[in-house]
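Everything in the sequence shown is counted per the numbering used here, starting at 53 for the first residue and increasing by one. Note that the Cβ used here is the ideal one computed from N, Cα and C, for glycine as well. For reference, the structure discussed in these notes is given below.
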Amino acid sequence: MEGNAVSQPSVLFVCLGNICRSPLAEAAFRAEAVKAGLAVTIDSAGTGSWHAGNPPDPRAQATALEHGIDISRYRARQVVEEDFTRFGQIYALDSQNLQDLKRMAPRRTLARVGLLMDLVPGREGQAVIDPYYGDEHDFAEAWEDVSQAARHLVAKMLR
Ligand code: 4NP
Numbered sequence: 053m054e055g056n057a058v059s060q061p062s063v064l065f066v067c068l069g070n071i072c073r074s075p076l077a078e079a080a081f082r083a084e085a086v087k088a089g090l091a092v093t094i095d096s097a098g099t100g101s102w103h104a105g106n107p108p109d110p111r112a113q114a115t116a117l118e119h120g121i122d123i124s125r126y127r128a129r130q131v132v133e134e135d136f137t138r139f140g141q142i143y144a145l146d147s148q149n150l151q152d153l154k155r156m157a158p159r160r161t162l163a164r165v166g167l168l169m170d171l172v173p174g175r176e177g178q179a180v181i182d183p184y185y186g187d188e189h190d191f192a193e194a195w196e197d198v199s200q201a202a203r204h205l206v207a208k209m210l211r
C-alpha cells in the first residue's frame, strides 16, 4: 500500500475498542518511525465506540511501559468517515475489523485499507491476538506482533 491524498504519509491502526491492540500498534510504529527519522502522522481508533474517551487498558499501558513507551495519555476514539481522507494507510489488527472498516469506508475513499499482519512475511492473513480477555502473556504476544509489523512498515515506507 502507498500513501496518497495527503502530503505527509499517514497511518491509522484500527482494532475493536482502541484500548488494547491498536494503541500498542500506534506506540510501536511511532517508536520505529522516530528511530528511522521518518516523518509520519500516526493515530489509532476502534471500530466500536464503547471505550471512547478512555485511556488504554492498564495492561496495555504496562506492556508499552516495559518497552519504555508511555501511552497513558492516549484516548480511545471510534473510527470516523474523515479518517478515510485524513489517512493514506489504514491497518486493521484482525480480519473482522478489516471487514467492518471496509463496510464503513466511503465509496470513493483514497485510503488504502489492509490487514496489519499482511506486512509480515509468513504471517499474511493472521490476526494480532486480542488480549482483552487474556492475561499479560497475551499482551506481550500482541506487542511482539505489532512491533514486528511496525518494523516491516517502516522498512516499506523507506523503500
Ligand atoms: P482492543 O481490545 O480491540 O484490542 O482494544 C478489546 C477491547 C474491548 C473489548 C474487546 C476487545 N470489549 O469487548 O469491550
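Can you list, in chain order, the residues of its chain with a C-beta nearer than 8 angstroms to that of residue i? Leave out the 5 residues immediately preceding and following it.
{"i": "V66", "result": "S74, S96, A97, G98, T99, V131, I142, Y143, A144, L145, N149 and L153"}
{"i": "K208", "result": "L171"}
{"i": "T161", "result": "F136 and T137"}
Taking 7 angstroms as the cut-off, is the beta-carbon of residue i closer than that to any non-hydrogen atom of the ligand ADP?
{"i": "N70", "result": "For the ligand ADP, the structure offers nothing, since it holds only the ligand 4NP."}
Please list, in chain order, all residues of the same chain as residue i whose beta carbon is under 7 angstroms from its beta carbon, the five residues on each side excluded.
{"i": "E84", "result": "A202, R203 and V206"}
{"i": "E193", "result": "I181"}
{"i": "E133", "result": "P158"}
{"i": "S101", "result": "Q130"}
{"i": "E188", "result": "R111"}
{"i": "G105", "result": "R127 and A128"}
{"i": "Q178", "result": "M169"}
{"i": "G174", "result": "none"}
Check whether the Cβ atoms of residue i and residue j lie closer than 8 angstroms to each other.
{"i": "A77", "j": "V165", "result": "no"}
{"i": "D122", "j": "C72", "result": "no"}
{"i": "Q37", "j": "A91", "result": "The question about residue 37 has no answer, for the chain in this structure spans 53 to 211."}
{"i": "I94", "j": "R111", "result": "no"}
{"i": "H103", "j": "N70", "result": "yes"}
According to DSSP, residue i sits in a beta bridge with which residue or residues?
{"i": "I94", "result": "V63"}
{"i": "L76", "result": "Note: L76 sits in no beta bridge, so no partner."}
{"i": "L167", "result": "A144"}
Excluding five sequence neighbours on each side, which residues of the same chain lie with their C-beta closer than 6 angstroms to the C-beta of residue i?
{"i": "V58", "result": "For V58, the predicted model reports a pLDDT of 47, less than 50, meaning its position is unreliable; a value from the coordinates is still stated below. The residues are G140."}
{"i": "W195", "result": "L76 and T115"}
{"i": "P183", "result": "C72, D190, F191 and A194"}
{"i": "Q200", "result": "V172"}
{"i": "E176", "result": "D170"}
{"i": "Q23", "result": "With the chain running from 53 to 211 in the structure shown, residue 23 is simply not present."}
{"i": "S62", "result": "T93, F139 and G140"}
Spell out a yes or no on whether the region 119-129 and the region 144-159 are touching, meaning 3 or more CB-CB pairs, one atom from each, closer than 8 angstroms.
No contact exists between the region 119-129 and the region 144-159.
Does the region 142-150 come within contact of the region 168-177, defined as at least 3 CB pairs closer than 8 angstroms?
Taking a cut-off of 8 angstroms for Cβ pairs, the region 142-150 and the region 168-177 touch, as three or more such pairs fall below it.
Sequence ranges, alpha helix (DSSP H) only - wholly within the region 125-163, length at least 4
Fully enclosed alpha helix (DSSP H) runs of 4 or longer: 135-138 and 147-156.
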